[in-house]
Amino acid sequence: MSRPNLLNRLTFRQLQVFQAVHRQQSYSRAAEQLGLTQPAVSAQIRQLEQALEQSLFKYAGKTLHILPAADALANSVQSIFGEVSSLQMELSEIAGTIRGELNLAAVSTAQYVVPHILARFRARYPEVSVRLRVCNRGQALERLAERRDDLVIMGMVPDDANLAFMPILDNELIPVAWPGHPLLEVKGITLEDLAQYYMLMREPGSGTRTAFEEFAARERVSLRHTLELGSNEAIKQGVMAHLGVAILPRLSVQLELASGLLASPSLPGFPLRRSWCTVYPKDRYPTPVTELFLRFVRELLPELNAHFSAPMEPIPGHSVACLPLATEQ
7 MSRPNLLNRL
17 TFRQLQVFQA
27 VHRQQSYSRA
37 AEQLGLTQPA
47 VSAQIRQLEQ
57 ALEQSLFKYA
67 GKTLHILPAA
77 DALANSVQSI
87 FGEVSSLQME
97 LSEIAGTIRG
107 ELNLAAVSTA
117 QYVVPHILAR
127 FRARYPEVSV
137 RLRVCNRGQA
147 LERLAERRDD
157 LVIMGMVPDD
167 ANLAFMPILD
177 NELIPVAWPG
187 HPLLEVKGIT
197 LEDLAQYYML
207 MREPGSGTRT
217 AFEEFAARER
227 VSLRHTLELG
237 SNEAIKQGVM
247 AHLGVAILPR
257 LSVQLELASG
267 LLASPSLPGF
277 PLRRSWCTVY
287 PKDRYPTPVT
297 ELFLRFVREL
307 LPELNAHFSA
317 PMEPIPGHSV
327 ACLPLATEQ
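One gets the numbering used here by counting positions in the sequence shown from 1 and adding 6 to each.
See the structure below:
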C-alpha cells in the first residue's frame, strides 16, 4: 500500500514547531520560543510523526535524541522555508515594496556601529522589520550555535569552516585612563607599567576581555589586579572615577576622549585591531532579506569606514525621518 500524499497531511505550523524543536533540542525551549505550551508542541510533533509515519525524536531520561528522519526533514524544511521567504520577497518587489523580517544579534561593542547601519537600511527599506539583540561574545556564540538569528555581528569569529563571515569594520582596542593619570606624564611606558594599576575588565566571555588577555599572555604580562564590571559604560564611569584603567574599543570612548573626560596613554602594541563581522552557519540558507542586508552592508562599507575613521561630528543626513509610514497604525 502506498504512503498517503504528504502534501495533504503536512501543515506549515507543524514544520515550524518541528524546526524549533530540532534547533533547540528541547520541547520546553521550543515552546518558550514559539509562545506555546509544551503539550501543544508535543501534539504538533505527534501529528507530524503520524503524517510521516516516522519517529523524529526520542527521549532517553531527560535527554532528547534527534533521530535520522528528523535530520533529513530539517534539511527539507530549511529549503521549504527559504523558498517561501523568496516568494515573499519576489511578491514584495512586484508590489513595489520590500517586506520581511531581519533578526540580528550583536556583541555589545558593535552597538556603536550597528545602529548606523540599521538607520540607513531602514531608510531604503522602511517596511523591513528589524530586531536587534545586544549580548556578550559568549551569548553570541550560543545564539549562533542555536541558529536563533539571521545574522550575528561579532569580532573574533571562531575558527570554524562551517561558518560564513564578512568583515564590516575595524574594532580598535585602546588603553584608557583618567586625565592626570601618572602614566600620562611618563615616556616609554609599557603594558607592565599599566598592569600595576587596577584593570577594569568585562565579564568572562567578552570579546574585548579575551583579546586583551591573549595579548597580555603573548607579552608575558600578568594581570594581577583586576576588577570585573558588567558593561563598557560601567567601565568608562569607573575609569573616570579613578577606580582603575581599562582597555576599551575606541568607538566606545570617542566622545569622552574628545571632551577630555578620558585619556589614552601611548602603549607599544596598541591599538589592538580586530574586525566586526557578520556571521551565519553555511548550512543555514540566508533569507532573501538577509541577503539584501548583506549586499547593502557591502555597498555601505566605504562610507562607514570613512565616517568612523574621521573625527567625531554629526552624521550626514540619509533620508531617515524617524517616523512610521503613514499606512502604519
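Glycine residues also receive a C-beta, built at the ideal position from the N, C-alpha and C atoms.
Asked                                                                                                                                                                                 : Found
Going by beta carbon distance, what residues of the same chain come within less than 6 Å of Ser34, once the five residues before and after it are set aside?                          : Gln44
By a C-beta neighbour count over all protein chains shown, 10 Å radius and 16 as the cutoff for buried, is Leu12 buried or exposed?                                                   : exposed
With a threshold of 7 Å on Cβ separation, who are the neighbours of Lys64 within its own chain once the five nearest residues in sequence on each side are excluded?                  : His71 and Leu73
Just to confirm my understanding: we take Met7, look at its own chain, exclude 5 residues before and 5 after, and list those with CB closer than 8 Å. What are they?                  : Because Met7 carries a pLDDT of 36, less than 50, the predicted location of this residue cannot be relied on, and the following value inherits that uncertainty. Once the five neighbours on either side are set aside, Met7 has no close Cβ partner at all.
So, at 6 Å on beta carbons, what are the nonlocal neighbours of Val182 in its own chain, with the 5 sequence-adjacent residues on each side left out?                                 : Val245, Ala252, Leu254, Val259, Leu268 and Ser270
Are Asp199 and Thr296 closer than 7 Å when you measure CB to CB?                                                                                                                      : no
Since Asn109 is in the beta strand (DSSP E), which residue starts that stretch and which ends it?                                                                                     : Gly106 to Val113
Buried or exposed: where does Arg208 fall if 16 or more other Cβ atoms within 10 Å of its Cβ makes it buried?                                                                         : buried
Just to confirm my understanding: we take Leu40, look at its own chain, exclude 5 residues before and 5 after, and list those with CB closer than 8 Å. What are they?                 : Gln22, Val23, Ala26 and Val47
For a cutoff of 7 Å on Cβ pairs, would you count Val140 as touching chain D?                                                                                                          : The structure shown contains no chain D; it holds only a single protein chain.
Val134 to Ile104, Cα distance in whole Å?                                                                                                                                             : 7 Å
Between Arg15 and the rest of its own chain, which residues show a CB-CB distance below 7 Å, the 5 nearest in sequence each way excluded?                                             : Ala57
Measure the alpha-carbon distance for Thr17 versus Ser82 and round it to whole angstroms.                                                                                             : 14 Å
Given Ile180, which residues of its chain have a CB within under 6 Å of its CB, disregarding the five upstream and five downstream residues?                                          : Arg256, Ser270, Phe276 and Pro277
Of all the alpha helix (DSSP H) runs that stay within the bounds of the region 107-153, which reach a length of 4 or more residues?                                                   : 120-130 and 143-152
At a cut-off of 6 Å, is Ser212 close to the ligand COA when judged by its beta-carbon and the heavy atoms of the ligand?                                                              : With respect to the ligand COA, the structure offers nothing, as it holds no ligand at all.
Since I believe Gln84 is in contact with Tyr286 (beta carbons under 8 Å), could you give me their beta-carbon distance rounded to a whole number of angstroms?                        : The Cβ separation is near 12 Å, so there is no contact.
With a CB to CB cut of under 6 Å and the five nearest residues on each side skipped, what residues in its chain are close to Glu262?                                                  : Leu268
Considering only their Cβ atoms, is the gap separating Ser265 from Asp176 smaller than 7 Å?                                                                                           : no
With 16 as the cutoff for other CB atoms within 10 Å, does Ile100 come out buried or exposed?                                                                                         : exposed
Starting from Ala281, follow its DSSP beta bridges and name the residues at the other end.                                                                                            : According to the sequence displayed, residue 281 carries Ser and not Ala. In DSSP, Ser281 forms a bridge with Asp176.
What whole-angstrom Cβ distance do Ala111 and Ala146 have, given they're in contact under 8 Å?                                                                                        : 6 Å
For the region 308-316 against the region 114-122, do three or more pairs of beta-carbon atoms, one drawn from each stretch, fall closer than 8 Å, so that the two count as touching? : yes
Can you check DSSP and say which residues form a bridge with Met205?                                                                                                                  : Thr232 and Val251
From the DSSP output, in three-state form, read off Ile195 for me.                                                                                                                    : coil
Need the endpoints of the beta strand (DSSP E) that Tyr291 sits in, please.                                                                                                           : Neither: Tyr291 is in no beta strand (DSSP E) and is coded neither H nor E.
So if DSSP puts Lys64 in a beta bridge, which residue, or which two residues, is it bridged to?                                                                                       : His71
By Cβ distance below 6 Å, which residues in the same chain neighbour Gly211 in space, the five residues on each side in sequence not counted?                                         : Asn142, Arg143 and Gly144
Which residue wins for smallest C-alpha separation from Ala167, given the options Leu298, Ala36 and Asp289?                                                                           : Asp289
Does Pro308 come out as helix, strand or coil in the three-state DSSP assignment?                                                                                                     : helix
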